[in-house]
Each structure stands twice: as structure tokens, then as C-alpha cells.
DNA sequence: GTCAATCTCGCAATCGATTGCATGAAATTT
DNA sequence: AAATTTCATGCAATCGATTGCGAGATTGAC
């Protein structure tokens, strides 16, 4: 059955003018009486009268009009690659948790990690007069956001830093995470550790790979570039493909450190398909600690990133940029701590040599 | 290390007035020359000149100012319970896929299914002058959104319908989904089927329970109210608790139809903890087909809801409400089809009912 | 009791774009 | 050629709130 909607007349909006007429004072007085700051210079009884009338008439301030005059919309733009990626919703809730109490709303846009889409969206946000932008889209090179910042738009970036630009950035301690994971694996006796790296056009992919290389050498693990394969996307399919590549390279390894959880899940799945059990045959680790990981077997050992607090931090910094009279106080760099979460996907190296200088463990595959 | 941000002067914005000065025509002419509709009544050479100047100066229209005059912000509000719930991001992308090409942006708010928060957020959206609201927050009774609709605000609801209000709603074919699942289970030989129902203050929870009761009787399965337990939240913990309740009731059953996937996942987990294997001992089914289900063992048999297209549909209807001159054409009710996805968590009914403790031997119901 | 300082509030401009109406010129008709 | 229509553009009001400035009114000081 299909019923119809009837047309409805929009109810007239109550404005300052209505309150002014009602109370007999001028609209500017009404405006001041309603403004918690300007209120100081208004007689208590006028304030009383105005508030009474406002209440009675159901006055709601028109933010659009105020925004036109003050050039502030109380709106911020939030750019992310893709909201369906589970790591972003907690970030958004974190952002919201500081913005909403302050009366700010956010406009969220998905860039899909496409360069031109991203720069078009920056313009969309600017056209809408957002007071600032939180940029969590992971594309590394990005002229449009830098230009916006140069033009005076308050901007902070999350998980990424724009080179040569003076834009505050919040990043997670990627390197620390990689190091913790490597020493965890090392403690379990692993010496030949493979890495499934993330896309290199994303900063997380790049940072984690660089950290992997650094730590492997500084920890005196066997460093073999053939144990590094790079995924083109952060997803399970790529995790599978990279495992195939690792196995067919014939290089022996006893563990795979993956650049994120989804790669790790794909890797484990494919290992299983090839008759290799995790963690008995190969240990696999992830990164991010995304939701639902506790439901997937084996439970993944990973690095937890506090997405919610990253969002909070980004929003807090942006507020300081927007409202603070001394911008000098806003730190350019903020590094958030990460945490090693040991679960079931990592275990003792199967053929680990008793001494680090021993021979490599034998390959079990093929 | 902590470097500092330097203060930056906001670059002056180019306005219609600047273009008018540059081209020597009046600002109203500039406005018309730039408006694709009004453009008809302007000389081609003036249009040329104006567009040239606009291009050269880098003019970007001020939507705030336009919005004040036209009373349209090209913004819609989207209300959801919680963005971290994986079913909502696809809905949002669906909405965005319709809205963005039309020049609309959306403000997303999370209600956390709290009544007063929800009604406060309706006000927030109205204050911001959104042109319409898509309401996907599942609280069943809700005066504030109905009031907004009465005041002339275009509103559509998703996954829920506001009683007694003339608000177009989009729902999924919950009953059809339940029926499909029940006949699937019935085909597998199950006759005693338990139901873990969702929270009854959410419409999905309520609708699915009602459908379960209807279908069970109409399909002549054994109807036993003691095989129905109600969860207080849609999560794994509640799924576990409900399984405990079912098992301790001593009622025999061979399958559990759960009101959503998370309840099902919790149920399977707890069954396993009690020594019952899914699907060998008990079949379990979910609802929603949320992401990552393919990574969790056993792969869950469920009902797929097309979240993305639900979002698209909602947005399309809202656009019709906002822009159509005859609102009569907007259907009040839209029911979207669902699809049975058979995977590994359902199998042939075992002759014996589950016996967690082995203390009783259950007869099979007919 | 006069003058200055202070306080409260109104006036009017302003933010930038839109739009009904008016005007003068060009095009068309008679 | 005069009259009328059409057309392109300018004028000015408007949306609703904010805010610098100034006018009265009130208070206080000497």
C-alpha cells in the first residue's frame, strides 16, 4: 500500500525581532541580553524580560545568520578515507566527544584515498565555511590541504603529516609499536621475520615499513629484503596474495609481522589454506587492534591504537587553533602511545635456534 | 620536540562585489550570470566576462550568505544510534552517494539510543538549519522528530517508523527475512527452534520477535515461549547470557535464530564453551550480514540487509521531499528486500536436543 | 549643585548573496 | 515612424544576528 504525504507549511521561525517587539526593547539589546558575554552591560530586569520572552516564544537562534556576521559556523570538517573502515568510527566518536559539548558540529567526508576527490572535498568544506579541518585521510602528498592551511584555515592532521607545512599533526607511535612487536616475536625465538607492508602511498604503510627495517637491523635479526612484500591495499585479499608471494619466494621464515590487522587475517587464512597452522607453524601479528578481533580465531596478537583518544586529541588541538589567542601554544607534533596486545596468533618459533647466531630455521612450506 | 605554529592572517575572501567591481557590472548581474538558471536572461558576453573574472579571482560562493537569503543550507542531518556499529557506515556511504553529487553535505549525529539526547540533537540540527533529516536511530517512541516533521521539516526514517506520524519510512523486510530463515531451518529438519530476541525498545528487535512468533505458528513448528529469550543489548555478551538462559531452562531445541549477528556470535561462543558445537549440535543463525562475518568461524548463516541501498533510498526520498513540488508522489512506506545467506552455522538437525550437562535426555518435538 | 565618569541601551551598518521591481534600450509590430 | 513588447541590467530590500558608536540617563566626586 502506498499512502501519500501531505504538503505542510513551514512554521514561522521566531527571530530576535519578534522578541524585541514583544519586550519593547531594541533587537540589539535582545541580542546582547541573550549573549552570555555581552550580558554584563545589560540591566538584570531587561535580561529577565528578554529571557522570559525568548523562552515563551520558543526562540532558537539562527546560526546561519550569526555565522554570516561573525564568520564562524561552529562547524568543522573531518576528512577520512572511508567510514566503512572500522578504525575510523571510534576516531569520529572521539572527535565528537570534545566538539559537541562546545557546540560544534562536524561534516564528515570520505576521500576514498583519491587525490582529486580529496582536493575537491577540501574546497567543499571551505565553501561551507567550516571553522577548521581535521584531516585523517592518509594520502601522503597533498597540496590542497596545505594551501588551505596557508590561507589561514585551522587544520590538524591525524595519522599523517604534511611535509614542509606548519600543520600540527597527531600520529601514533608506529615505530614503537613495530619495535614492541618485533621484540615480542624475538622473545618467542623468531629470527626470520617476514613483513607484509601496507600501501606505500599511505603514511602508515610507509612508516611501519621503515620502522620494520630499522628495528630488524638494530635488533640484530636476520634482515632479508626478500621477506618484505608490499600490499597494494589494506585488506584480506592482499594479505593472502602477499602470503603466496612469501611462500613462493622459498625464503624461510617463522613469523609474519603484518602492517595491519586485515592483512594479518588474510595471511592467516591463506596460510591455513596452504596447510600451515597459526601460530604452531607460523606466528602472525597485526596492527591497529580493530573491533571484533576477539571473535576471530586464532585471536590476533596486535598493536592497539587508541583511536578514540586520537580523535579527542585532534579535536582538542583544533579547538586550540581556532579559539586560542596564542597559537604558539599548539604543539606541531603529538605522538600517541600504542600498546602491545598479545593473544593467540603468536607463539614460540617452531625450529628456533637456541642462540641468535644459529642457522635459520628450515622452511616448512611447499 | 615541540615546535610552534605561527599565527596566520586569514586571506580575504572573494565576493560577488569584487567581481562586480572588476567587471563593471552590478553585483546582482554577477549573481545572475553565475546562476545556471537565471543565466538565461543575461547577455552571453557579460556571462563570459563575469565567468572570466570569477575564474581569475578564484571566486567561491559563500553558501552561508546564500543560505541566509534562500533559507536552504544544502545540508541534511543524519541521526544514527552509534557510528561504531558496523551496520551504519555503509548506510552513510549510501546516503552520501546520493547527496554529494547534488551538492548536499550531511551532519551526522549519534544518539546512543538515548531519548533525551536524541531530542536535543533534533534541535541541534534544526538550529543549524538543515534542509531535512534522515533518522536512522532506532528508538521507537519519539516525539521530537515527529514535532519537527509537523513543523514542516522534511524527514524520512530508516529501519523504523514513527507511529501516528505521516513520515515516510524505509524498512527492511524483517518478516520476510525471519520467514526465510525459519523455512531454511525447517528444511534442515529443525522443529524446536529457539529465538534470542533483540531489545524490545528498538524496532528491529520488536519486529523480528513478532515475525518469529507469527511464522513459527504459521509454519506449524513447535511454539514454546520458553524458547524465546530477550537480550537487553545487541551484543555478544547478551548472546552468551541468553544461551545460558536457554540451556538452563531445560527446554530442548536444535537451533537458535538470533535477532542479529552479534547475538549469534556470542551464542556460538558460549555454546562452544558449554561443549556444544555449531552446527553439529546446534544450528545458529544471525541477521544483518555485517562485515567481517566471512572471517569468523563457523561462517554465519544470516539474512543480508542491503545497508548501502537502504541509505541511497532514504536519501533519494528525502531529496524528493525537499525538492519535489508534489510531495504527493513520495511513498509513505518502502520495504526493501532481504536475502538469505546460507553459510556454515546451520546444518541438519541432530535427533537429540542439546545436552550440556548430560543430565537429561530430551525428546525431539514435532 | 555642577561636572565628569559610568552605565544602559538604541541606531544603523554590516556580513554576502538573492530577487522583485524598475528602467532604459533594443527589437518587434502595426 | 509610432507604439508596444522584449530584453538586459541596475536598484534596493531582504534574510537574522552582531557590534562599533553615540546619546541619554544615572551615579559619584568635589
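Chains as they are written, first to last, in my numbering: chain A, 1 to 366; chain B, 367 to 732.
All C-beta atoms in this analysis are idealised placements derived from N, C-alpha and C, irrespective of residue type, glycine included.
Given the structure is predicted, the values throughout are model-derived calculations rather than measurements.
Is any beta-carbon of chain B found at less than 8 Å from that of residue i?
| i | result |
| --- | --- |
| residue 174 (chain A) | no |
| residue 73 (chain A) | yes |
| residue 344 (chain A) | no |
| residue 143 (chain A) | no |
| residue 127 (chain A) | yes |
| residue 231 (chain A) | no |
| residue 347 (chain A) | no |
| residue 2 (chain A) | Residue placement at residue 2 (chain A) cannot be trusted, given a pLDDT of 39 that sits under 50; the coordinates are not used to answer. |
| residue 110 (chain A) | yes |
| residue 373 (chain A) | Outside the displayed span of chain A (1 to 366) sits residue 373 (chain A), for which this structure offers no information. |
| residue 55 (chain A) | no |
| residue 114 (chain A) | no |
| residue 90 (chain A) | yes |
| residue 6 (chain A) | In this predicted model, residue 6 (chain A) has a pLDDT of only 37, less than 50, meaning its place in the structure is not dependable enough to derive any value. |
Under 8 Å, Cβ to Cβ, is there at least one residue of chain A near residue i?
| i | result |
| --- | --- |
| residue 625 (chain B) | no |
| residue 703 (chain B) | no |
| residue 607 (chain B) | no |
| residue 601 (chain B) | no |
| residue 658 (chain B) | yes |
| residue 405 (chain B) | no |
| residue 736 (chain B) | The displayed coordinates of chain B run from 367 to 732. Any statement about residue 736 (chain B) would go beyond what the structure contains. |
| residue 452 (chain B) | yes |
| residue 629 (chain B) | no |
| residue 621 (chain B) | no |
| residue 431 (chain B) | yes |
| residue 426 (chain B) | yes |
| residue 661 (chain B) | yes |
Check the C-beta distance from residue i over to residue j and give it rounded, since I have them as a contact under 8 Å.
| i | j | result |
| --- | --- | --- |
| residue 695 (chain B) | residue 686 (chain B) | 7 Å |
| residue 128 (chain A) | residue 429 (chain B) | 6 Å |
| residue 393 (chain B) | residue 400 (chain B) | Incorrect: roughly 11 Å between the Cβ atoms, too far for contact. |
| residue 93 (chain A) | residue 413 (chain B) | Contact doesn't hold; Cβ gap of about 47 Å is too wide. |
| residue 65 (chain A) | residue 434 (chain B) | 5 Å |
| residue 544 (chain B) | residue 577 (chain B) | 4 Å |
| residue 477 (chain B) | residue 447 (chain B) | 5 Å |
Near residue i, which residues of its chain fall below 8 Å by C-beta distance, leaving aside the five closest residues on each side in sequence?
| i | result |
| --- | --- |
| residue 57 (chain A) | 14, 18, 19 and 22 |
| residue 539 (chain B) | 701, 702, 703 and 704 |
| residue 232 (chain A) | 199 and 238 |
| residue 354 (chain A) | Reliability of the predicted coordinates at residue 354 (chain A) is poor, the pLDDT of 34 falling under 50, and the value obtained from them is presented with this limitation in mind. There are no such residues. |
| residue 713 (chain B) | 554, 645, 646 and 649 |
| residue 512 (chain B) | 528, 530, 531 and 533 |
Shortest alpha-carbon distance to residue i belongs to which of the options?
| i | options | result |
| --- | --- | --- |
| residue 310 (chain A) | A:235, A:47 and A:288 | A:288 |
| residue 315 (chain A) | A:95, A:32 and A:39 | A:95 |
| residue 298 (chain A) | A:268, A:304, A:308 and A:92 | A:268 |
| residue 286 (chain A) | A:196, A:206 and A:222 | A:196 |
| residue 549 (chain B) | B:526, B:533 and B:584 | B:584 |
| residue 176 (chain A) | A:129, A:42, A:265 and A:305 | A:305 |
| residue 500 (chain B) | B:711, B:592, B:679 and B:529 | B:679 |
| residue 280 (chain A) | A:225, A:240 and A:255 | A:255 |
| residue 324 (chain A) | A:40, A:154, A:24 and A:42 | A:154 |
| residue 101 (chain A) | A:157, A:251, A:122 and A:75 | A:75 |
| residue 273 (chain A) | A:290, A:119 and A:240 | A:240 |
| residue 79 (chain A) | A:332, A:179 and A:124 | A:124 |
| residue 570 (chain B) | B:557, B:505 and B:684 | B:505 |
| residue 684 (chain B) | B:661, B:616 and B:535 | B:535 |
| residue 265 (chain A) | B:471, B:427, B:593 and B:658 | B:658 |
| residue 244 (chain A) | A:271, A:225 and A:220 | A:271 |
| residue 104 (chain A) | A:322, A:252 and A:54 | A:322 |
Got a sec: does the ligand FMN put a non-hydrogen atom nearer than 7 Å to the Cβ of residue i?
| i | result |
| --- | --- |
| residue 236 (chain A) | The ligand FMN is not part of this structure, which contains no ligands at all. |
Keeping to the same chain, check which residues put their C-beta closer than 6 Å to that of residue i; ignore five residues upstream and five downstream.
| i | result |
| --- | --- |
| residue 275 (chain A) | none |
| residue 601 (chain B) | 628 |
| residue 307 (chain A) | 87, 90 and 91 |
| residue 396 (chain B) | 382, 385, 386 and 416 |
| residue 711 (chain B) | 644, 645, 650, 664, 666 and 667 |
| residue 119 (chain A) | 144 |
By DSSP's criteria, residue i is part of a beta bridge. Which residues make up the other side?
| i | result |
| --- | --- |
| residue 538 (chain B) | B:702 |
| residue 558 (chain B) | DSSP lists no partner for residue 558 (chain B). |
| residue 420 (chain B) | Paired residue(s): none; residue 420 (chain B) is not in a bridge. |
| residue 230 (chain A) | A:197 |
| residue 285 (chain A) | A:257 and A:301 |
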